[in-house]
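Participant: In this text, residue positions in the sequence shown follow the working numbering: the first is -1, and each later residue adds one.
Beta carbons: idealized from backbone N, C-alpha and C, even for Gly.
Every value quoted in this text rests on a predicted model; they were computed, and no experiment measured them.
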Amino acid sequence: MLILFLLLICIVFLIFTYGIYVYYQYAYFKKLNIPGPKPTYFFGNLSELTYHDNCESECLRLWSQKYGALYGFYKGHTPFICTSDVDLLQEVFVRQFSKFHSRKPLQLDERQSEYVHIVHAEGYRWKRQRMAVNPAFSKLKMKSLEGLMYECIGTFLDKISEQSDSQPFDILPYFKRLTMDVIWTCGFGVKTNMQSDHNNEFLKYSNEVFEIDDNKRILAYFSILIPELHGVFRYIHRKLNEIKYFLHEYTPLSNYLHIKQDPIIWITNKTHDIIMKRLEQENTEDAPNDLLQILLDSMSKDPNETKSSEKGFICNMPNF
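#1: At 3 residues or longer, and completely inside the segment 66 to 107: list those beta strand (DSSP E) runs for me, N to C.
#2: With C-beta atoms as the reference, is residue 31 less than 7 Å away from residue 71?
#3: Within this structure, are the beta carbons of residue 220 and residue 231 separated by less than 7 Å?
#4: What's the gap between the Cα of residue -1 and the Cα of residue 17?
#5: Which residues does DSSP pair with residue 38 in a beta bridge?
#6: Alpha carbon to alpha carbon, what distance is there between residue 107 and residue 236?
#7: How many Å lie between residue 243 and residue 234 at the Cα?
#8: Report yes or no: do the segment 160 to 177 and the segment 131 to 145 share at least 3 C-beta pairs separated by less than 8 Å?
#9: Do residue 261 and residue 199 have their C-beta atoms within less than 7 Å of each other?
#10: Which value, in whole angstroms, describes the spacing of the CA atoms of residue 269 and residue 186?
#11: Give the single residue among 54, 165, 125 whose Cα lies nearest to the Cα of residue 73.
#12: Note the first and the last residue of the continuous alpha helix (DSSP H) segment covering residue 221.
#13: Looking at the secondary structure, which residues open and close the alpha helix (DSSP H) in which residue 147 lies?
#14: To the nearest angstrom, how far is it from the Cα of residue 147 to the Cα of residue 225?
#15: Please report the straight-line C-alpha distance between residue 23 and residue 90, rounded to a whole angstrom.
Okay, structure coming up:
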């Protein structure tokens, strides 16, 4: 009984201490004399950003009009600075670029994996991946993709012309299919036919990437509110994904439980297969002139690149 009582006291003390710590975090911008919206205890300005009538960017735009070119706000008790000051942006992104190359980790991100892509990479890993892909994004190389892109646009215009001139129609699904068609065609040289086949698996899984996963959203929300336990929420998210993958791949329960295949895993596996086939192809002259081939060509010309480059391409290609 005494042990339980002492344990309860310790828990109450930790919660009280953490509450005081959170409270003093909201004095950060006051000390720097940086204006901004008044935060709510524990939630910060998250409710305003999340439940704004339009979207988060519109909320930031309204705050910019109210507080000026530089202001601060909070997600949970984590401070964020938003600026539209061109001189400050140039200082950060140009003059001091070497100090600001990494992005803030997103909620539930895995940054220690060998397959971390360029958006989430840090330090030397980011620099190595950036140096590997930079040659592929020159103006001349991008211009070489015009033919593939015009082919997709031509199909899009044909589909639009099939609609009745007198009746309005929703053009958004057409633009979605065009976007995904351009990505798969220009990125991987894959002829998906998704603009004609609406049940195409490439279109299906590409769209599912942008669907909101309730479990992930809840864990991400708690990760924002209690960033000190980010590792715990990330671990739970990883284990839930592993369980879902096991149930989907190795048991007959997926149909009964309505467990879908993870679209990111499907896309990663598909791109891995495409990359491996392209690497095994001896005659590169027959390879399509797509982004993947441009990246592979730039890799083969660099004698310092090792097998780790292949891992970098596998994780970066879905991101591109």
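Facilitator: Looking at the coordinates:
#1: Counting only runs of 3 or more, we get 68 to 73, 76 to 81.
#2: One thing to note: residue 31 has its Cβ no nearer than 7 Å to the Cβ of residue 71.
#3: yes
#4: 27 Å
#5: 42
#6: Cα to Cα, residue 236 sits roughly 10 Å from residue 107.
#7: 14 Å
#8: Judged by Cβ distances under 8 Å, the segment 160 to 177 makes no contact with the segment 131 to 145, as fewer than three pairs qualify.
#9: Taking 7 Å as the Cβ cut-off, residue 261 and residue 199 do not qualify as a contacting pair.
#10: 8 Å
#11: Closest in alpha carbon position to residue 73, among 54, 165, 125, is 54.
#12: 212 to 223
#13: 144 to 159
#14: Between the alpha carbons of residue 147 and residue 225 lies a distance of about 42 Å.
#15: 24 Å
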